[in-house]
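Reading the sequence shown from the start, the letters are residues 109 to 267 in the working numbering.
Here the structure comes first, spelled out in structure tokens, and everything after it is commentary.
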Amino acid sequence: MNYNENLSPRDVQELAGHSNINTTYKYVHSSEVRIKNNATNIFKKFSKDDLYKNGNDSLLIPISHIATIILGNTKISKIEDLQITLSELNNCEVDFFNISEVLEKSKNYLLDNYPALVRIEKYNYINIKEDEIVNKLTIEFGNNFEIEKDITFGKRMSI
109 MNYNENLSPR
119 DVQELAGHSN
129 INTTYKYVHS
139 SEVRIKNNAT
149 NIFKKFSKDD
159 LYKNGNDSLL
169 IPISHIATII
179 LGNTKISKIE
189 DLQITLSELN
199 NCEVDFFNIS
209 EVLEKSKNYL
219 LDNYPALVRI
229 EKYNYINIKE
239 DEIVNKLTIE
249 FGNNFEIEKD
259 ITFGKRMSI
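Given below as structure tokens:
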């Protein structure tokens, strides 16, 4: 359950072949890392202001959002937070009906204007967890990726 949040104690009981759930609870323990992440994420609310926190007109996009856009893996970012970033990057409202198209256009835009981001695509072929991808990208690119004012607003995409 520490590695797959979709598993319930009953699922683990069945997988382990335990006839009694109490036997399963002897072996199942909460993950401190997951508890800390969930506890801090409750208080962390992403907003449009976070994208402009550098005081300039350029966007500071979280590296997890960049990874989600390039890799197309929506498990890397919260979809509600990503939706804010995509709306600002594309200068349009993003919803269930257009998110696939916006993600594809955003990916093309980022790779065309920031060729170094192509290195992120290697994570499509490496079997590692989403949080490990973000950790590696943070080391390589930092916590946020800045989209320059002249590129963002001079050639802003529109759907």
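C-beta: ideal position from N, C-alpha, C; glycine also.
When the options are compared against residue i, the one with the closest alpha-carbon
i: residue 254; options: 165, 121, 116 and 131; result: 165
i: residue 181; options: 123, 211 and 125; result: 211
i: residue 159; options: 249, 194 and 122; result: 194
i: residue 252; options: 225, 169, 163 and 197; result: 169
i: residue 153; options: 198, 118 and 189; result: 189
Alpha carbon of residue i to alpha carbon of residue j, nearest angstrom
i: residue 242; j: residue 209; result: 23 Å
i: residue 200; j: residue 191; result: 10 Å
i: residue 221; j: residue 206; result: 22 Å
i: residue 239; j: residue 184; result: 7 Å
i: residue 167; j: residue 204; result: 23 Å
i: residue 234; j: residue 244; result: 12 Å
i: residue 131; j: residue 124; result: 10 Å
i: residue 115; j: residue 163; result: 43 Å
i: residue 187; j: residue 173; result: 9 Å
i: residue 126; j: residue 117; result: 11 Å
i: residue 155; j: residue 226; result: 27 Å
i: residue 229; j: residue 135; result: 38 Å
As assigned by DSSP and simplified to three states, the class of residue i
i: residue 205; result: coil
i: residue 264; result: With a pLDDT of only 48 at residue 264, under 50, the local geometry of the prediction cannot be trusted, and the value read off the model is given with reservation. Note: residue 264 maps to coil in three-state DSSP.
i: residue 119; result: helix
i: residue 157; result: helix
i: residue 215; result: helix
Per DSSP, cross-strand counterpart(s) of residue i
i: residue 252; result: 170
>> Taking contact to mean 3 or more Cβ pairs, one atom from each stretch, closer than 8 Å, check whether the stretch 173-182 and the stretch 211-219 are in contact.
In response: Contact holds: three or more Cβ-Cβ distances are below 8 Å.
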